[in-house]
Amino acid sequence: MKVIVTKNQQEAGVEGYQVFKEAVEKGAKVFGLATGSTPITTYEEIIKSDLDFSDCTSINLDEYVGISPDNDQSYQYFMNEHLFSKKPFKQSYLPNGLAEDPEAETVRYNQIIADNPIDLQLLGIGRNAHIGFNEPGTSFELETHVADLTDSTIEANSRFFEHVEDVPKQAYSMGIGSIMKSKQIIIEAFGAEKADAVAKMIEGPVTEDVPASILQQHPNVVVLLDEAAAAKLS
Ligand code: F6R
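For the sequence shown, position 213 (counting from the first letter as 1) is numbered 213 according to the numbering used here, and the numbering increases by one without interruption.
Right, dumping it as structure tokens:
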């Protein structure tokens, strides 16, 4: 794992953008994308740049179950706001939160990933070291599935909702089996509340109790941190 530590999330956005730029220069065409507060500065730098994704495909990690793409809490809405409306891709995929048959939706999404192997996957990390919505205890082999969110994730995500009861309890998530097939991965983490998860991911044992620890076994990972998130590394 290549670890880059920057002063703050703002500076990290420039580094994150650089990773995308280099991937584009090497011919990357398929990008795995994430939502949440973590990737926002990277998206801001991408938007400011002249990078062109009009010939590229994006595949997002996850989407809440039961939420319409027009709902301002949906991940589709987030991606439109923070990236797609300003940097359109030829094709952008997210799970359909309103799919009538969740099992069929996971099969559909796995086929999309199989048809479009991911060149660069961007990840955030949860305080419990989840990646996507692969919560502690999730099998490393799993592909897209419906995940039950843990109480800590629901609590963390409630900052985007008016009431904690409004936070969906389930999400479609790309599985770790699929994430590990990406050619390159960049995982970003900012803030002191991520420091424990970051230390376990990089220096702890590889275990399904720490989902992000599997990244130690991937051959091409950039870990992008601010000083606060790096504080517990030895
Ligand atoms: C989002 C995702 C999640 C987040 C993680 C961190 O698409 O897959 O794993 O990356 O929950 O969230 P933030 O960035 O809001 O701290």
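C-beta atoms are modelled at their ideal positions from N, C-alpha and C, and glycine is treated no differently.
- Taking 8 angstroms as the cut-off, the Cβ atoms of I131 and V198 do not count as close.
- Under the three-state reduction of DSSP output, Q184 falls in the strand class.
- For V210 against I187, the beta-carbon gap comes to about 13 angstroms, at or over 8 angstroms, which does not count as contact.
- By a beta-carbon distance limit of 8 angstroms, G175 contacts E143. Their separation comes to about 4 angstroms.
- For I4, the enclosing beta strand (DSSP E) stretches over residues 2–6.
- Distance check between I47 and each of G13, T38, A34, V65 places G13 closest, using alpha-carbon atoms only.
- Judged by DSSP in its simplified three-state form, F84 adopts helix.
- CA-to-CA, the gap between V223 and I4 works out to about 6 angstroms.
- G32: member of the beta strand (DSSP E) spanning 30–33, first to last residue.
- Counting the other Cβ atoms within 10 Å of the Cβ of D119 gives 16 or more, which makes it buried.
- A Cβ-Cβ separation of about 5 angstroms places A171 in contact with A147 under the 8 angstroms criterion.
- The three-state secondary structure of N134, taken from DSSP, is strand.
- S173 is positioned such that its CB atom lies closer than 8 angstroms to that of D62.
- The residue from A230, P136, S152 with its alpha-carbon nearest to that of V206 is P136.
- Looking only at A192, V19, N8, the smallest Cα-Cα distance to G27 is reached by V19.
- The residue from K29, A231, Q10, I185 with its alpha-carbon nearest to that of L215 is I185.
- For T57, no alpha helix (DSSP H) encloses it; the enclosing beta strand (DSSP E) starts and ends at 57–60.
- Counting other Cβ atoms within 10 Å of its Cβ, N8 stays below 16 and is therefore classed as exposed.
- Distance from the CA of I154 to the CA of Q73, rounded to the nearest whole angstrom, comes to 13 angstroms.
- Segment contact: the segment 94–113 against the segment 69–83, three or more CB-CB distances shorter than 8 angstroms; contact assigned.
- Using a 10 angstroms sphere on the CB of A104, the tally of other CB atoms stays under 16, which defines it as exposed.
- Taking R127 as reference, the option from D70, G36, A228, K194 with the minimal CA-CA separation is K194.
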